[in-house]
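Visitor: I am attaching a structure below and will ask some questions about it afterwards.
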Amino acid sequence: MYLKFHAILITFFLSTACCFPQQAKTFVVNELAKTVFTIPEGKITVYTPNFVANEKISGGIIIEPNGNSEKSIAKNKSKLQNHKVDFGGLSTTLQTSHYSLSKSQPFPLELKLFDEKNNLIASSKIQFPIKEKNSDFFVPSYIIEGESAKIVVGNDGDLTNKYVSVNNKEAKILAASETTVFFKTPSYQSGKVPFNYKNESINLDKQVNVLQLNLSAGKLNLSRGETTKLNIEVSGLKGLEEEVPLTITNNSPSNISLEGGNNQEISIQPDGDTYQIHQTIRATQGGSFSISVTIEPPSEDNSSEENDEPLCNCIIDGYSYLINPNACTELGGQCQSDAPETFGTNHREKLGDAVGNYNFSVFNFQARILNLLSYSDDIDDIEDDITGHWDKWDRAKHIKDSLDGLNGELVAIDKVLDKVPTTYKEKFKKAIDSLENLKKQLPNPTNNKALQKAVDDAQARAEACKKRLEALQKQKGELEEQLKKDKETLLKAWKAYADIFEKHGMETSSHFDDEGKFWDHVKLNDMTDYERKKFDEDSDILSELSQEYYKALKAYRNTLKKSKNLPDQIEAAQKDCDDLANALEEAKQAKDTADLVKAIELEAYEFCKQIRRILDRLWIWCKNNPDHCDFMDDIISFWQSCPKNTSGLEDFWKRFDALVAKKKGLEDNLGKKAKEAQDDMDKIEDDIADLENEIASLEEKARKKHQDDLERKQKAAQAEAAEAAKAKAEADKRKKQRAKQKKKDKEVEDLIKKAKSDDAGTDALKNVLKGMGLSLLDEATGAGKVGTLIGGILVVKDMPDCACKMFEMLEQAIAAQLRGEDLFRDVFTNEYLRQWNNCANLPVFSSIMIGSKELSEAIGEMTKAQCREAIAALNQAQRIQCK
Numbered sequence: 002m003y004l005k006f007h008a009i010l011i012t013f014f015l016s017t018a019c020c021f022p023q024q025a026k027t028f029v030v031n032e033l034a035k036t037v038f039t040i041p042e043g044k045i046t047v048y049t050p051n052f053v054a055n056e057k058i059s060g061g062i063i064i065e066p067n068g069n070s071e072k073s074i075a076k077n078k079s080k081l082q083n084h085k086v087d088f089g090g091l092s093t094t095l096q097t098s099h100y101s102l103s104k105s106q107p108f109p110l111e112l113k114l115f116d117e118k119n120n121l122i123a124s125s126k127i128q129f130p131i132k133e134k135n136s137d138f139f140v141p142s143y144i145i146e147g148e149s150a151k152i153v154v155g156n157d158g159d160l161t162n163k164y165v166s167v168n169n170k171e172a173k174i175l176a177a178s179e180t181t182v183f184f185k186t187p188s189y190q191s192g193k194v195p196f197n198y199k200n201e202s203i204n205l206d207k208q209v210n211v212l213q214l215n216l217s218a219g220k221l222n223l224s225r226g227e228t229t230k231l232n233i234e235v236s237g238l239k240g241l242e243e244e245v246p247l248t249i250t251n252n253s254p255s256n257i258s259l260e261g262g263n264n265q266e267i268s269i270q271p272d273g274d275t276y277q278i279h280q281t282i283r284a285t286q287g288g289s290f291s292i293s294v295t296i297e298p299p300s301e302d303n304s305s306e307e308n309d310e311p312l313c314n315c316i317i318d319g320y321s322y323l324i325n326p327n328a329c330t331e332l333g334g335q336c337q338s339d340a341p342e343t344f345g346t347n348h349r350e351k352l353g354d355a356v357g358n359y360n361f362s363v364f365n366f367q368a369r370i371l372n373l374l375s376y377s378d379d380i381d382d383i384e385d386d387i388t389g390h391w392d393k394w395d396r397a398k399h400i401k402d403s404l405d406g407l408n409g410e411l412v413a414i415d416k417v418l419d420k421v422p423t424t425y426k427e428k429f430k431k432a433i434d435s436l437e438n439l440k441k442q443l444p445n446p447t448n449n450k451a452l453q454k455a456v457d458d459a460q461a462r463a464e465a466c467k468k469r470l471e472a473l474q475k476q477k478g479e480l481e482e483q484l485k486k487d488k489e490t491l492l493k494a495w496k497a498y499a500d501i502f503e504k505h506g507m508e509t510s511s512h513f514d515d516e517g518k519f520w521d522h523v524k525l526n527d528m529t530d531y532e533r534k535k536f537d538e539d540s541d542i543l544s545e546l547s548q549e550y551y552k553a554l555k556a557y558r559n560t561l562k563k564s565k566n567l568p569d570q571i572e573a574a575q576k577d578c579d580d581l582a583n584a585l586e587e588a589k590q591a592k593d594t595a596d597l598v599k600a601i602e603l604e605a606y607e608f609c610k611q612i613r614r615i616l617d618r619l620w621i622w623c624k625n626n627p628d629h630c631d632f633m634d635d636i637i638s639f640w641q642s643c644p645k646n647t648s649g650l651e652d653f654w655k656r657f658d659a660l661v662a663k664k665k666g667l668e669d670n671l672g673k674k675a676k677e678a679q680d681d682m683d684k685i686e687d688d689i690a691d692l693e694n695e696i697a698s699l700e701e702k703a704r705k706k707h708q709d710d711l712e713r714k715q716k717a718a719q720a721e722a723a724e725a726a727k728a729k730a731e732a733d734k735r736k737k738q739r740a741k742q743k744k745k746d747k748e749v750e751d752l753i754k755k756a757k758s759d760d761a762g763t764d765a766l767k768n769v770l771k772g773m774g775l776s777l778l779d780e781a782t783g784a785g786k787v788g789t790l791i792g793g794i795l796v797v798k799d800m801p802d803c804a805c806k807m808f809e810m811l812e813q814a815i816a817a818q819l820r821g822e823d824l825f826r827d828v829f830t831n832e833y834l835r836q837w838n839n840c841a842n843l844p845v846f847s848s849i850m851i852g853s854k855e856l857s858e859a860i861g862e863m864t865k866a867q868c869r870e871a872i873a874a875l876n877q878a879q880r881i882q883c884k
């Protein structure tokens with residue numbers, strides 16, 4: 002997947018009108034401000050060039066109406082054209098495609114948008130960095146396809162009478178001031194192409210390279226420990242002679258590690274048409290992260306013009322050197338004229354015409370989601386081990402970041418030192434050759450012009466040094482103020498960032514250490530599913546606040562680093578000024594004594610001192626990092642000698658090369674140690690992954706056990722419910738049976754009662770026998786007449802208690818028959834007869850007496866069904882008569 006990236010948002014303004022949010026956003030890139038108003042009817046874009054007070058300027062206005070049809074688009078366009086913009090007190094209707102200010106005001110200025118009723122609906126303040134005039138004429142050697150670019154050329158500040166074409170395609174003019182014209186490079190261009198610019202008095206033709214920046218990534222969503230490749234491609238380089246600066250910035254070092262370091266500056270040496278670089282991204286923890294890739298625009302300088310200044314305050318990578326202007330250019334620096342008001346403190350944001358940003362959202366944060374499981378002590382122990390491993394990982398990362406930082410600083414110094422021989426060798430050799438040739442001319446010739454030039458040059462060097470020293474001293478105060486502002490911005494950004502975590506119950510802390518470094522910490526908690534969901538709802542705002550925080554942190558660290566290094570630079574600058582003051586006195590003495598050799602020696606010696614000043618940065622690095630630097634003595638020894646002949650010059654460069662080799666050896670060693678620290682981090686991450694897998698296995702077992710327990714409980718509950726339902730059904734059945742039985746008992750009781758009455762007829766006993774089903778028993782027991790036996794006893798008036806015992810024994814005898822127990826049947830039959838004898842004195846009993854054997858045999862002939870009927874009848878008899 003290929004992505005193209007454009008401008009970076011610098012300022013943001015939000016206002017409201019009615020019920021639709023009105024927005025004004027201002028982007029500042031390469032001295033061109035682009036303000037975008039977003040309102041319900043569409044979008045309005047206004048371009049503003051950087052300028053100085055009282056300068057005439059003009060800027061383009063573009064309207065883009067909303068709408069889903071031609072009619073709605075036309076309607077919204079008409080509404081947009083009734084709006085006005087006000088800039089510097091000038092009101093311009095949107096019916097025109099540009100505005101013009103004949104006399105601009107100082108910054109900051111406010112760009113305002115008014116509706117057709119003259120109501121202010123949105124505004125944005127425009128503020129540029131201090132404009133420093135680098136040249137009166139400048140055409141870039143390369144521009145970026147599809148992006149804005151500029152040429153520096155004198156003109157009337159009116160964009161309407163300008164024409165720019167790239168590869169014979171007209172480029173849209175975006176804005177103009179009296180010194181600069183801004184245009185948009187046409188898309189779908191690449192390589193060296195013809196460039197043409199025309200205005201009211203100039204027709205300029207040149208060749209420029211149109212570059213394309215393409216980025217791709219193998220994977221856009223990473224979990225902790227995962228890696229992917231960041232692929233960077235710059236095309237259109239063929240035929241380009243100068244280097245192209247490329248910066249790669251890891252904006253989220255706490256969330257990812259980037260191969261090559263967090264801040265990389267690469268100089269692309271054009272060799273062919275395309276340059277490619279591939280770097281590994283590793284997600285070290287959850288959280289959104291951002292990587293910026295920037296092509297810097299070509300610098301504006303006058304390197305092609307002769308510069309008569311002997312020395313200048315040369316700025317290379319934000320560091321100040323007192324060296325020759327031409328050497329400054331060759332070393333990749335830029336001379337500062339006098340002492341700029343914001344020298345070194347404006348924190349230029351590496352915002353070229355093409356900037357690539359990756360914003361990945363990896364909100365893992367290692368927050369374990371809680372479930373219904375009860376974690377075992379084993380899991381707790383493993384989680385403690387994981388915490389310990391992460392502590393080790395943090396220490397390893399701190400070591401790696403520190404080593405990467407040190408290595409990066411040395412690499413930045415390399416960019417200058419590697420060019421020193423190319424820059425100075427030939428010039429130094431010419432000076433030594435001149436000195437040797439002069440010494441051969443005895444007596445020494447007199448050259449008053451050369452002697453005076455030596456004095457003038459020495460005077461100019463001393464004055465340049467004084468200006469630089471004043472600039473550095475002024476910068477110290479500015480940096481102190483800037484550090485306060487950056488600190489306030491950092492704390493504000495951190496609070497907004499930390500508040501999101503604290504909102505979700507997490508603990509945050511921060512502090513500044515004794516060296517002024519800022520440290521932060523977020524303690525991440527376990528989360529329930531609901532808590533995790535609520536946290537994820539804030540992921541977008543957390544991503545934005547994270548970028549703001551790390552941007553503020555980066556700015557603060559840059560200012561802090563400059564503040565720490567500046568005292569050493571001032572000390573070295575003071576020594577330089579003392580040396581140059583002495584050199585001036587020596588030049589004057591040489592003039593007074595007509596000592597041309599001495600004057601030429603001073604000129605040659607100046608090359609030594611310039612190279613020494615270039616080494617100041619390495620010396621300061623060693624002073625600040627004594628545990629790593631083992632060549633401080635080599636630097637001091639190198640400073641103490643300066644060649645005065647050819648052999649000495651050869652030795653000088655050998656010693657210089659040896660010093661650089663030692664430094665590069667240290668770079669390699671730091672890089673090796675940083676890799677070892679990265680390997681330690683990788684090993685720790687693997688160990689953590691194993692421990693997390695172990696936890697996952699234990700949790701899976703616990704989850705399965707928990708599930709099994711739930712299933713067992715569910716089955717037990719189901720069985721219990723079924724048993725309860727069955728018991729209830731049986732109870733209901735018994736209740737119905739009892740009700741039925743009670744009804745039947747009442748009917749039989751009434752029949753018995755009637756049979757016992759004095760007026761009972763002959764059918765009364767029969768009715769009892771029939772009602773109780775006893776007549777069927779008579780048939781079953783034959784001569785035993787068990788049914789009549791039972792019925793007869795029941796209808797006896799004032800039935801004695803012994804009758805109940807008889808019923809019981811008879812029931813037991815029949816039950817024994819039902820069970821097939823003949824012996825017990827005989828036993829209970831005999832017991833029945835014994836109870837009978839107790840009642841034998843009663844006439845009614847004696848009249849129905851039968852023998853034990855006959856009764857037992859009669860019962861023995863009964864079927865099981867008959868037995869159950871007889872038992873039921875006897876139970877009923879006992880219920881009724883034996884209460």
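In the numbering used here, the protein residues as written are 2 to 884.
Using N, Cα and C, we set each Cβ at its ideal position, and we do this for glycine too.
To the nearest whole angstrom, what separates the beta carbons of Leu452 and Leu597, a pair I think is in contact under 8 Å?
Guide: Stepping through the sequence shown from its first residue, residue 452 is reached at position 451. Stepping through the sequence shown from its first residue, residue 597 is reached at position 596. Their Cβ separation, rounded to whole angstroms, is 6 Å, which keeps Leu452 and Leu597 in contact under 8 Å.
Visitor: Which stretch, first to last residue, makes up the alpha helix (DSSP H) that contains Leu554?
Guide: Here residue 554 corresponds to residue number 553 of the sequence shown, with the count starting at 1. Note, Leu554: alpha helix (DSSP H), Ser540 to Asp593.
Visitor: So, using beta-carbon positions, are Glu244 and Ser268 closer together than 8 Å?
Guide: Counting from 1 along the sequence shown, the entry for residue 244 is found at position 243. Counting from 1 along the sequence shown, the entry for residue 268 is found at position 267. Taking 8 Å as the Cβ cut-off, Glu244 and Ser268 qualify as a contacting pair.
Visitor: My output table needs one value for Met863: the three-state DSSP class, helix, strand or coil.
Guide: In the sequence shown, residue 863 corresponds to position 862, counting from 1. Of the three classes helix, strand and coil, the one that applies to Met863 here is coil, per DSSP.
Visitor: When you compare each of Ala874, Asn204, Phe513 and Glu712 to Ala816 by their alpha carbons, which one comes out closest?
Guide: Taking the first residue of the sequence shown as 1, we reach residue 816 at position 815. Checking every option, the nearest Cα to that of Ala816 belongs to Ala874.
Visitor: Taking the straight line between their C-alpha atoms, what separation do you get for Lys747 and Ala728?
Guide: If you number the sequence shown from 1, residue 747 lands on position 746. If you number the sequence shown from 1, residue 728 lands on position 727. One C-alpha to the other measures close to 28 Å.
Visitor: Restricting to runs no shorter than 3 residues, where is the beta strand (DSSP E) found entirely within the region 660-725?
Guide: The qualifying runs do not exist here; there are none.
Visitor: In angstroms, rounded to a whole number, what distance separates the CA positions of Gly333 and Glu700?
Guide: Against the sequence shown, residue 333 aligns to sequence position 332. Against the sequence shown, residue 700 aligns to sequence position 699. Roughly 60 Å separates the two Cα atoms.
Visitor: Starting from the C-beta of Ile621, find all residues in its chain whose C-beta is less than 8 Å away, skip the five residues before and the five after it, and write them out in chain order.
Guide: Residue mapping note: residue 621 aligns to position 620 of the sequence shown, counting from 1. Correct list, in chain order: Asn566, Asp569, Gln570 and Ala573.
Visitor: Please specify which runs of the beta strand (DSSP E), each continuous and at least 3 residues long, are wholly inside the region 149-182, giving them in chain order.
Guide: Runs of the beta strand (DSSP E) inside the region 149-182: 149-153, 164-167 and 170-178.
Visitor: With a 10 Å radius around its C-beta and 16 neighbouring C-beta atoms as the bar for buried, classify Asp577 as buried or exposed.
Guide: If you number the sequence shown from 1, residue 577 lands on position 576. So Asp577 ends up on the buried side.
Visitor: Considering only the alpha carbon of each residue, which of Ala75, Lys78 and Leu112 lies closest to Thr93?
Guide: On the sequence shown, residue 93 is found 92 positions in, with the first residue counted as 1. The residue with the shortest Cα to Cα distance from Thr93 is Leu112.
Visitor: Kindly indicate which residue of Ala176, Asn162 and Leu81 has the alpha-carbon position closest to the one of Val30.
Guide: Here residue 30 refers to the residue found at position 29 when the sequence shown is read from its first residue. Here the closest residue by C-alpha is Ala176.
Visitor: Assuming the contact rule is C-beta atoms closer than 8 Å, Asp405 and Ala675 should be a hit. Round their C-beta distance to whole Å, please.
Guide: Numbered from 1 along the sequence shown, position 404 holds the residue referred to as residue 405. Numbered from 1 along the sequence shown, position 674 holds the residue referred to as residue 675. With 8 Å as the limit, Asp405 and Ala675 qualify as a contact, their Cβ atoms being about 5 Å apart.
Visitor: Whole beta strand (DSSP E) runs in the region 250-300 with 3 or more residues, listed along the chain?
Guide: 257-259, 264-269, 275-284 and 290-296, all fully within the region 250-300.
Visitor: Three or more C-beta pairs under 8 Å: does that hold for the region 155-166 against the region 120-132?
Guide: Because the criterion of three Cβ pairs below 8 Å is not met, the region 155-166 and the region 120-132 do not touch.
Visitor: Run the CB neighbour count on Gln213, radius 10 Å, all protein chains shown included, and call it buried at 16 or more, exposed below.
Guide: Numbered from its first residue, the sequence shown carries residue 213 at position 212. Answer is buried; the Cβ neighbour count reaches 16.
Visitor: Quick one: any contact between the region 188-198 and the region 137-148, if contact means 3 or more CB pairs under 8 Å?
Guide: In short, these stretches touch, since the Cβ pair count reaches three.
Visitor: Taking the alpha carbon of Glu812 as the reference point, which residue from Leu856, Glu532 and Ser564 has its own alpha carbon closest?
Guide: Counted from its first residue, the sequence shown places residue 812 at position 811. Answer by Cα proximity: Leu856.
Visitor: Evaluate contact between the region 312-332 and the region 417-434, counting only Cβ atoms and requiring at least three cross-stretch pairs below 8 Å.
Guide: The region 312-332, when compared against the region 417-434, does touch it at the 8 Å Cβ threshold.
Visitor: Among the candidates Pro187, Ile296, Cys803 and Ile233, whose CA atom is the shortest distance from the CA of Gln280?
Guide: Translated into positions along the sequence shown, residue 280 becomes position 279. The residue with the shortest Cα to Cα distance from Gln280 is Ile233.
Visitor: According to DSSP, simplified to helix, strand and coil, what is Pro66?
Guide: Residue 66 sits at position 65 when you count from the first residue of the sequence shown. If DSSP states are grouped into helix, strand and coil, Pro66 belongs with the strands.
Visitor: Determine contact between the region 395-404 and the region 676-683, defined as no fewer than three beta-carbon pairs at a distance below 8 Å.
Guide: These segments touch.
Visitor: Leaving out the 5 sequence neighbours to the left and right, which residues in its chain are closer than 8 Å to Asn583 when beta-carbon positions are compared?
Guide: As a first step, residue 583 is located in the sequence shown; it is residue number 582 there, counting from the start. Contacts found: none.
Visitor: Leu819 and Cys868: beta carbons closer than 8 Å?
Guide: Walking along the sequence shown from the start, residue 819 turns up at place 818. Walking along the sequence shown from the start, residue 868 turns up at place 867. A contact, by the Cβ cut-off of 8 Å.
Visitor: Rounded to the nearest angstrom, what separates Leu121 and Lys104 at their Cα positions?
Guide: Taking the first residue of the sequence shown as 1, we reach residue 121 at position 120. Taking the first residue of the sequence shown as 1, we reach residue 104 at position 103. The alpha-carbon atoms of Leu121 and Lys104 are separated by roughly 24 Å.
Visitor: So which of Gln286, Gly237, Gly43 and Leu561 has the shortest CA-CA distance to Ser258?
Guide: Along the sequence shown, one-based indexing puts residue 258 at 257. Among Gln286, Gly237, Gly43 and Leu561, the Cα nearest to that of Ser258 is on Gln286.
Visitor: To the nearest angstrom, how far is it from the Cα of Gln738 to the Cα of Asp709?
Guide: As a working note, residue 738 is residue 737 in the sequence shown. As a working note, residue 709 is residue 708 in the sequence shown. So the alpha carbons of these two residues sit roughly 43 Å apart.
Visitor: Nearest-angstrom Cα distance between Glu410 and Asp617?
Guide: The residue given as residue 410 occupies position 409 in the sequence shown. The residue given as residue 617 occupies position 616 in the sequence shown. Using only the alpha carbons, I get a separation of about 13 Å.
Visitor: From this set, Asn200, Gln190, Ser188 and Ala172, which residue's C-alpha is nearest Thr180's C-alpha?
Guide: Indexing the sequence shown from 1 puts residue 180 at position 179. When each option's Cα is compared against that of Thr180, the closest is Asn200.
Visitor: Thinking Ile63 and Gly43 are a contact (beta carbons under 8 Å), I'd like their distance in whole angstroms, please.
Guide: Indexing the sequence shown from 1 puts residue 63 at position 62. Indexing the sequence shown from 1 puts residue 43 at position 42. About 10 Å; that fails the 8 Å criterion.
Visitor: Within this structure, are the beta carbons of Ala25 and Leu114 separated by less than 8 Å?
Guide: The residue you call residue 25 lines up with position 24 of the sequence shown. The residue you call residue 114 lines up with position 113 of the sequence shown. Contact flag set, yes.
Visitor: Output the distance between the C-alpha atoms of Ala499 and Val523, rounded to the nearest integer angstrom.
Guide: As a position in the sequence shown, residue 499 is number 498, starting the count at 1. As a position in the sequence shown, residue 523 is number 522, starting the count at 1. Taking the straight line joining both Cα atoms gives about 8 Å.
Visitor: So for Gly821, helix, strand or coil by DSSP?
Guide: Here residue 821 refers to the residue found at position 820 when the sequence shown is read from its first residue. Three-state DSSP puts Gly821 in coil, outside helix and strand.
Visitor: Do the region 556-563 and the region 484-494 touch if we need at least three Cβ pairs shorter than 8 Å?
Guide: Flag = yes, the region 556-563 and the region 484-494 touch.
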